[in-house]
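Engineer:
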Ligand code: C2E
Ligand code: MG
Ligand code: MG
Ligand code: MG
């Protein structure tokens with residue numbers, strides 16, 4: 455059988471496959487220009503200190519306002535940008551946006567509790583030979599204290615990627631902190647963790663979702679928090695949606711929380727309002 459066999463070719467010809475590939479190609483083509491056409495923007499989701507729910511940081515999360523497809527989530531286009539290489543330019547653009555915005559956030563928070571910003575770094579970006587130089591140049595240009603920046607990488611970016619680890623080590627030596635995103639979902643060995651240039655573990659939201667007041671529900675989250683304590687790493691729990699989850703995480707000794715319970719990813723102006731409220735509240 456071949457495609458030309460028409461209706462009899464149903465075992466060979468799968469139109470959904472072709473459509474999906476066609477779709478990718480179209481998105482990939484228009485992604486190149488999306489940045490220049492001003493179709494990309496960044497939202498900011500607050501991270502709060504679990505002891506008092508004060509916002510201490512914001513994670514930059516990219517969005518694409520597509521002219522015909524509407525608002526696209528990063529899960530729909532970041533993988534495409536990784537494959538095409540567009541992520542290199544887009545990723546640095548997000549970093550620059552986030553650090554410019556950080557200056558504004560900091561002007562709305564007391565200096566005793568300065569805001570931090572977290573930016574996701576894709577594995578492909580870490581492989582760029584100029585990554586360390588590029589990040590430092592943007593810090594310099596925006597007048598940012600490197601200690602106020604966290605770069606989030608996934609475990610998969612760290613496994614077997616010697617050059618990426620060297621880049622992270624160099625960035626960390628400049629005072630930038632490194633978080634492992636979606637921790638617990640990858641395949642890196644725990645022994646490995648002790649040798650990585652890492653400061654923060656972000657507990658994946660699938661484990662937070664299991665918290666239900668029972669020891670079984672808390673088992674993985676608790677193990678990650680204990681591990682972090684032994685290694686002198688701090689912990690962030692992502693995907694907190696209920697007050698019970700927040701309470702349980704606090705009791706387990708988790709430092710920081712992020713999730714719809716506190717706020718969804720917000721436009722920068724909305725987060726600025728939230729900050730103003732937080733530090734003027736009684
Ligand atoms: P991530 O880095 O793990 O970011 C957290 C994701 O969880 C965000 O999805 C956020 O909106 C979502 N989230 C936060 N709180 C909750 C909650 O309480 N419940 C649920 N169900 N979800 C919650 P988003 O914004 O769609 O981003 C998805 C992923 O795309 C990110 O996962 C990150 O891996 C990637 N991404 C986003 N922006 C960038 C970027 O600028 N560069 C790169 N390389 N990747 C990015
Ligand atoms: Mg992240
Ligand atoms: Mg995450
Ligand atoms: Mg995640």
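In full-length UniProt numbering, the protein residues as written are 455 to 736. Note that beta-carbon positions come from the ideal geometry of N, C-alpha and C, so glycine has one too.
Determine the direct distance from the alpha carbon of residue 583 to that of residue 593, and round the result to whole angstroms.
Structural biologist: Against the chain shown, residue 593 aligns to sequence position 139. Against the chain shown, residue 583 aligns to sequence position 129. Their backbone Cα atoms lie some 18 Å apart in a straight line.
Engineer: From this set, 604, 500 and 573, which residue's C-alpha is nearest residue 694's C-alpha?
Structural biologist: Reading the chain shown from its first residue, position 240 is the one you call residue 694. For the residues 604, 500 and 573, the minimum Cα distance to residue 694 belongs to 500.
Engineer: Over what stretch of residues does the beta strand (DSSP E) that includes residue 662 continue unbroken?
Structural biologist: Reading the chain shown from its first residue, position 208 is the one you call residue 662. First-last for residue 662: 659–662, but that is the alpha helix (DSSP H), not the beta strand (DSSP E).
Engineer: Could you give the distance in angstroms between the alpha-carbon of residue 654 and the alpha-carbon of residue 634?
Structural biologist: Indexing the chain shown from 1 puts residue 654 at position 200. Indexing the chain shown from 1 puts residue 634 at position 180. Cα-Cα distance, rounded: 6 Å.
Engineer: Starting from the Cα of residue 652, find the closest Cα among 607, 531 and 677 and give me that residue.
Structural biologist: Locating residue 652 in the chain shown gives position 198, counting from the first residue. Out of 607, 531 and 677, 607 has the C-alpha closest to the C-alpha of residue 652.
Engineer: Cα separation between residue 684 and residue 518?
Structural biologist: By one-based count along the chain shown, residue 684 stands at place 230. By one-based count along the chain shown, residue 518 stands at place 64. Straight-line Cα distance between these residues: approximately 40 Å.
Engineer: Heavy atom of ligand 1 less than 8 Å from the Cβ of residue 678, yes or no?
Structural biologist: Walking along the chain shown from the start, residue 678 turns up at place 224. Every heavy atom of ligand 1 is 8 Å or more from the Cβ of residue 678, so no.
Engineer: Contact between the region 669–687 and the region 501–513 is defined here as three or more beta-carbon pairs at a separation below 8 Å; is this criterion met?
Structural biologist: Cβ pair count under 8 Å is below three, so no.
Engineer: Can you find at least 3 beta carbon pairs, one from the region 525–539 and one from the region 555–572, that sit closer than 8 Å?
Structural biologist: As far as the Cβ criterion goes, the region 525–539 does not touch the region 555–572, which means the pair count is below three.
Engineer: Report yes or no: do the region 707–726 and the region 523–531 share at least 3 C-beta pairs separated by less than 8 Å?
Structural biologist: The region 707–726 vs the region 523–531: no contact.
Engineer: Tell me the start and end of each unbroken alpha helix (DSSP H) in the region 525–574 that is at least 4 residues and wholly inside, in chain order.
Structural biologist: Listed in chain order, they are 528–538 and 541–561.
Engineer: In chain order, which continuous runs of the beta strand (DSSP E) of length 3 or greater are located wholly inside the region 620–659?
Structural biologist: Segments of the beta strand (DSSP E) lying fully in the region 620–659: 631–637 and 654–657.
Engineer: Out of 667, 512, 493 and 489, which has the shortest C-alpha to C-alpha gap to residue 430?
Structural biologist: Any property of residue 430 remains undetermined from this structure, which presents the chain solely from 455 to 736.
Engineer: Looking at residue 596: is its Cβ nearer than 9 Å to the Cβ of residue 550?
Structural biologist: As a working note, residue 596 is residue 142 in the chain shown. As a working note, residue 550 is residue 96 in the chain shown. Yes; because the gap between Cβ atoms is below 9 Å, this pair is in contact.
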